[in-house]
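**Student:** Structure provided below as structure tokens; questions to follow.
Number of protein chains: 2
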Amino acid sequence: MATGHMFMAMSLDGFVAREDFGLDWLMKQKTEGEDHGHDAFMASVDGIVMGSGSYRTVLTFDAWPYEKPVIVMSRTLSPDDVPEHLRGKVTVSALAPREVMQFVSRQGWTRVYIDGGLIIQSFLREGLIADMTVTVVPILIGQGKRMFGALDADIDLHLLESKSFPSGLVTSRYAVV
Amino acid sequence: MATGHMFMAMSLDGFVAREDFGLDWLMKQKTEGEDHGHDAFMASVDGIVMGSGSYRTVLTFDAWPYEKPVIVMSRTLSPDDVPEHLRGKVTVSALAPREVMQFVSRQGWTRVYIDGGLIIQSFLREGLIADMTVTVVPILIGQGKRMFGALDADIDLHLLESKSFPSGLVTSRYAVV
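So the protein lines, in turn, are chains A and B.
First residue of the first sequence: 0, per numbering that gives the first Met the number 0; consecutive thereafter.
First residue of the second sequence: 0, per numbering that gives the first Met the number 0; consecutive thereafter.
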């Protein structure tokens with residue numbers, strides 16, 4: 000079956016976005032000229048699975064940032080909610096995490112970018128994440144959407160590499176043991 | 000006035016201890032032979048301020064681990080709760096964070112180790128932390144005592160250095176901007 004891979008930035012206190020999904024705290028970081036591995040990571044996956052919260056945030060961007068196919072996991076959105084210019088690029092799915100992975104596997108995907116806080120948490124609990132690249136941003140924002148959530152059991156990680164940047168971002172890649 | 004300094008380990012999901020203050024997830028890490036800077040840090044401070052939760056955890060250790068004077072911030076503990084062999088080493092105080100810093104400053108302290116989750120959070124909110132050394136442990140534990148809490152405003156940090164170890168621990172030192 001296809002494997003799930005995370006590539007996320009969080010504040011040092013563990014948030015991926017403010018309560019209103021705001022990313023100003025992230026966008027203000029002075030990271031010009033730094034390669035945090037995003038392009039290489041995107042090139043390595045067959046597509047992206049995200050939650051409706053992340054999807055709504057991405058929709059507010061000036062341009063749709065993904066070339067790879069995107070599956071939006073939602074039980075409330077319908078295919079009609081996808082704007083015309085994104086038809087064929089974005090699929091809405093009400094499937095559970097494991098079913099989504101089986102679905103994309105049948106389509107030939109082998110590596111899947113799992114994006115968004117709540118989605119990450121459910122895929123982690125289901126054992127569907129193979130590795131995670133976590134960039135820690137040098138700020139405390141105090142409240143917001145958390146990257147990680149409650150677990151039924153500990154998840155041990157194996158650090159594959161860690162790198163810091165002049166901006167103060169620290170990117171670490173972990174395999175799930 | 001004396002400055003506050005943090006030196007803490009947290010799970011990747013931001014916990015310093017389990018709900019019952021357990022540290023098994025930390026103790027099991029294979030860190031033999033690694034220098035995460037603890038001794039140099041301890042040598043750099045004049046004393047330690049901790050909360051009653053951390054104090055109770057330290058009391059369960061085989062031996063009292065601190066040579067420097069310790070102030071336990073508590074409104075419920077009394078001086079009589081300090082075991083005889085720790086009199087002179089441990090002081091119980093019901094003062095607020097800023098008052099504690101003024102108190103130790105008058106005693107000649109210039110650098111204070113601020114230890115323990117809730118204590119750290121209140122000192123951070125009061126602007127009493129100058130820098131923090133945060134070691135991220137390669138494990139997700141899902142729930143427990145958090146290192147960081149709610150804030151009235153963002154706290155920007157400046158990364159001073161970051162280092163990873165064969166055990167998978169990543170130690171980063173930040174100045175509070």
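Ideal Cβ positions, reconstructed from N, Cα and C, are used throughout, including at glycine.
This one's a predicted model, so the numbers in the text were calculated from it and none came from an experiment.
With 7 Å as the C-beta to C-beta threshold (strictly closer), list the residues of the stretch 141-168 of chain A near chain B in chain order.
**Tutor:** Gly141, Gln142, Phe147, Ala149, Leu150, Asp153, Ile154, Asp155, Leu156, His157, Leu158, Ser161, Ser163, Gly167
**Student:** Could you tell me how far apart the beta carbons of Thr30 (chain B) and Arg110 (chain B) are, in whole angstroms, since I believe they sit closer than 8 Å?
**Tutor:** Between Arg110 (chain B) and Thr30 (chain B) the Cβ distance is about 25 Å, and since that is not below 8 Å, they are no contact.
**Student:** For a contact defined as C-beta to C-beta under 9 Å, what are the partners of Pro137 (chain A) on chain B?
**Tutor:** Asp155, Leu156, His157, Leu158, Ser171, Tyr173, Val176
**Student:** Would you list the residues sitting across from Lys162 (chain A) in a DSSP beta bridge?
**Tutor:** According to DSSP, which records beta bridges pairwise, Lys162 (chain A) is partnered with A:Thr170.
**Student:** I believe Ala152 (chain B) touches Gln142 (chain A) by the beta-carbon criterion, under 8 Å. Please report the beta-carbon distance rounded to the nearest angstrom.
**Tutor:** Contact flag wrong, Cβ pair sits at about 11 Å.
**Student:** Answer yes if the stretch 6-19 of chain B comes into contact with the stretch 129-136 of chain B, meaning at least three C-beta pairs across the two stretches below 8 Å, and no otherwise.
**Tutor:** Yes, they touch.
**Student:** Could you give the first and the last residue of the continuous beta strand (DSSP E) run that contains Gly46 (chain B)?
**Tutor:** For Gly46 (chain B), the uninterrupted beta strand (DSSP E) run begins and ends at 46-50, by DSSP.
**Student:** So Gly13 (chain B) contacts chain A; which residues on that side make the cut at Cβ distance below 7 Å?
**Tutor:** Asp12, Gly13
**Student:** With H, G and I counted as helix, E and B as strand and the rest as coil, what does DSSP make of Thr179 (chain B)?
**Tutor:** In the structure as shown, chain B begins at 0 and stops at 176. Residue 179 (chain B) is therefore absent and cannot be evaluated.
**Student:** Do Ser51 (chain B) and Val169 (chain A) have their C-beta atoms within less than 8 Å of each other?
**Tutor:** No, Cβ-Cβ distance for Ser51 (chain B) and Val169 (chain A) is not below 8 Å.
**Student:** Where in the stretch 11-51 of chain B do unbroken runs of the beta strand (DSSP E), each at least 3 residues long, occur, reported from the N-terminal end onward?
**Tutor:** 14-16, 46-50
**Student:** Would you kindly report the start and end of the unbroken alpha helix (DSSP H) that includes Ile118 (chain A)?
**Tutor:** From DSSP, the alpha helix (DSSP H) with Ile118 (chain A) extends over 116-124.
**Student:** In chain B, which residues lie with their C-beta within 8 Å of the C-beta of Trp24 (chain A)?
**Tutor:** Asp153
**Student:** Using beta carbons (cut-off 8 Å, strictly below), is Val99 (chain A) in contact with chain B?
**Tutor:** Not closer than 8 Å to any Cβ of chain B, the Cβ of Val99 (chain A) fails to qualify, so no.
**Student:** Given Met5 (chain B), which residues of its chain have a CB within under 7 Å of its CB, disregarding the five upstream and five downstream residues?
**Tutor:** Ile113, Ile119, Ile128, Met131, Thr132
**Student:** With a threshold of 8 Å between beta carbons, is Val111 (chain A) in contact with chain B?
**Tutor:** no
**Student:** Quick one: using the 10 Å Cβ neighbour count with 16 as the cut-off for buried, is Gly115 (chain A) buried or exposed?
**Tutor:** buried
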